[in-house]
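Residue numbers (the working numbering): 173 to 383.
Each residue gets a CB set at the ideal place from its N, CA and C atoms; glycine is no exception.
Treat the numbers as computed from the prediction; the structure is a model and nothing was measured.
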């Protein structure tokens, strides 16, 4: 975890030094504050102790997120940033730290964009009580995260832009659940006894203001 964070910070510092040495009229430091919402996609297959499928859980999680980015715009078409924020799920939350790469396809007032985020999400809090319907606990550990999206940047003036994008997100983390034990009382509504790695998928929208 520490190595990932150090690598992201070092990358941004190197980019900043390089950018200052090759500064052009179109290059500048940039900041962006954004928020969004994404809903869970797909399903998760939970295994028992023998490696057989125990049950399938639908990904009904949602993700409400708030981010802040600090970066550098090299030219009208390419920029790189370091971002951090909060991801709020139904009963848990993450603190993602990531590297952002954004490509602008035109140099006009209305610019189609593509972006890619990659990094690591640390834990903020997590509930130990299983979900009432599926009797699992989602997102219980730190792990790698990623996001990609396409959208539109609206340049309000030389400095301020509005960004609206459709996004796909994923988070690699643990899911906790219960494997029934013969001749023992079922406590799956209150606690868990098994854990498994899972890749969570989300799709949603992101709205940001760049300045």
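For this session: Kindly indicate which three-state DSSP category residue 231 falls into: helix, strand or coil?
Result: coil
Problem set entry | Close Cβ partners of residue 359 (< 8 Å) along its chain, the five nearest in sequence each way excluded | 350
Exercise. For residue 369, does the three-state DSSP call read helix, strand or coil?
Worked result: The three-state reading of DSSP puts residue 369 in strand, counting E and B together.
For this session: Kindly list the residues whose CB is nearer than 8 Å to the CB of residue 342, restricted to its own chain and excluding five residues on each side of it in sequence; keep chain order.
Result: 317, 318, 319, 371, 372, 373, 374
Exercise. Of the choices 352, 206, 292, 262, whose alpha-carbon is the least far from that of residue 226?
Worked result: 352
Problem set entry | As assigned by DSSP and simplified to three states, the class of residue 262 | coil
Problem set entry | Residue nearest to residue 311 in terms of C-alpha spacing, selected from 337, 281, 346 | 346
Problem set entry | Terminal residues of the beta strand (DSSP E) in which residue 284 lies | Counting along the chain, the beta strand (DSSP E) containing residue 284 begins and ends at 282–298.
For this session: Tell me whether the beta-carbon of residue 258 lies closer than 8 Å to the beta-carbon of residue 275.
Result: no
Exercise. Do residue 206 and residue 379 have their C-beta atoms closer together than 8 Å?
Worked result: The answer is yes: Cβ separation under 8 Å.
Problem set entry | Proximity test, Cβ basis, 8 Å: residue 328 and chain D | In summary, chain D is missing from the structure at hand, where a single protein chain is found.
For this session: Please go through the stretch 301–330 and give each complete beta strand (DSSP E) segment of 3 or more residues, from N-terminal end onward.
Result: 315–327
Problem set entry | Chain-order list of residues whose beta-carbon lies under 6 Å from that of residue 336 (same chain, five-residue window excluded) | 323, 324, 379
For this session: Please classify residue 391: is it buried, with 16 or more other beta-carbons within 10 angstroms of its beta-carbon, or exposed?
Result: Residue coverage of the chain in this structure runs from 173 to 383, which leaves residue 391 outside it and unanswerable.
For this session: Use the C-beta contact count for residue 268: other C-beta atoms within 10 angstroms, 16 or more gives buried, fewer gives exposed.
Result: buried
For this session: Give the secondary structure of residue 350 by DSSP, where H, G and I count as helix, E and B as strand, and everything else as coil.
Result: The answer is coil: DSSP assigns residue 350 none of H, G, I, E or B.
Exercise. CB residue 210 to CB residue 339, shorter than 8 Å?
Worked result: yes
Problem set entry | Residue burial classification, residue 194 (beta-carbon count within 10 angstroms, cutoff 16) | Because the pLDDT at residue 194 is just 49, under 50, the model does not fix this residue reliably, and the point stays unresolved.
Problem set entry | Spatial distance of residue 234 from residue 221 (CA atoms) | 29 Å
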